[in-house]
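According to this note's numbering, the stretch in the sequence shown is residues 790 to 1000, in order.
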Amino acid sequence: GFDTASLLAIVGAAGLAIALALQDTLKAVAAGVVIAIFRPYRIGDVVEIAGQTGTVADITPFTTVLNTLDNREIVVTNDKAWGDVIINITARSLRRLDLLFSIDYDDDPELAIRVIRGVLEADKRIRTEPPIWVNVVELASSSVDLRARAWVSTPDWWDTRCDVILRVKQAFDANGITIPYPHQVEIGKAGKPERPMPPGLVTGEDETSAG
790 GFDTASLLAI VGAAGLAIAL ALQDTLKAVA AGVVIAIFRP YRIGDVVEIA
840 GQTGTVADIT PFTTVLNTLD NREIVVTNDK AWGDVIINIT ARSLRRLDLL
890 FSIDYDDDPE LAIRVIRGVL EADKRIRTEP PIWVNVVELA SSSVDLRARA
940 WVSTPDWWDT RCDVILRVKQ AFDANGITIP YPHQVEIGKA GKPERPMPPG
990 LVTGEDETSA G
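Following this line, the structure appears as structure tokens:
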């Protein structure tokens, strides 16, 4: 005959699977509604959500679609997006450059500060307000570390950052400022020097030879 118990078990398992799937779908839809209301990001924004960074290409009731810098498409469910930290990189019109430079202990830090400041002030993309800030921040084990902070328009941030790093390197070279690099010093342990044998002392080798 017909196994009613087996049929009920199959129907029950299928119902549970559907319920679990609908639960995840409803969570994604609910998060999509919240995202649509509060708008933490919009299409075209560069964001970091659920550990992924990219430009928002689409926002659907279920998912947020990102395009990465290397042209990959990443689909993040809205419940994952809303349930994690959302960083909207392009939400503000200005973004701060935060650069770290290291110089040798034999170099003049005040000269290095003037050189870095000169590079920043010469770049027309750098804003004068908030003001440029450059100073020594740490005396490291093998270098003197200087940090520079300046503000640029958000769309110009990446290109400006790369250009400033290159020009500071060129300016350091022109002013004889050295960028240190790690050195390894190998110290070998010397063997103990042989002590001369006292006069008249016979070693085992001497006895063997004598035999």
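For each residue, glycine too, the CB sits at the ideal point set by N, CA and C.
Straight-line Cα distance separating residue j from residue i
i, j, result
"I954", "I875", "29 Å"
"E899", "V923", "10 Å"
"W946", "R885", "8 Å"
"L935", "G907", "14 Å"
"D948", "F827", "31 Å"
"S930", "S891", "11 Å"
"R956", "R938", "15 Å"
"L796", "D834", "Its pLDDT being 48, under 50, L796 is placed unreliably by the model, and the measurement read from it follows with that caveat. So the alpha carbons of these two residues sit roughly 51 Å apart."
"A870", "Q959", "42 Å"
"N964", "E918", "28 Å"
"D868", "R881", "25 Å"
Residue j beta carbon less than 9 Å from that of residue i
i, j, result
"T852", "A817", "yes"
"S942", "R903", "no"
"I848", "D897", "no"
"L855", "T844", "yes"
"R950", "L858", "no"
"T842", "P944", "no"
"D873", "I838", "yes"
"D912", "D962", "no"
Residue(s) in a DSSP beta bridge with residue i
i, result
"W947", "W947 is not bridged to any residue."
Contacts around residue i, its chain only, beta-carbon distance under 6 Å, and the 5 residues preceding and following it disregarded
i, result
"D893", "T967, P969"
"L883", "W940"
Opening and closing residue of the alpha helix (DSSP H) in which residue i lies
i, result
"E899", "898-911"
"A870", "867-871"
Nonlocal neighbours in the same chain, by C-beta distance under 7 Å from residue i, ignoring five residues either side
i, result
"E927", "D934"
Neighbourhood of residue i by C-beta, 8 Å cutoff - its chain only, sequence neighbours within 5 removed
i, result
"T814", "F851"
"F791", "Caution is warranted here: a pLDDT of 47 is assigned to F791, below 50, making its placement in the model unreliable, and no coordinate value can be reported."
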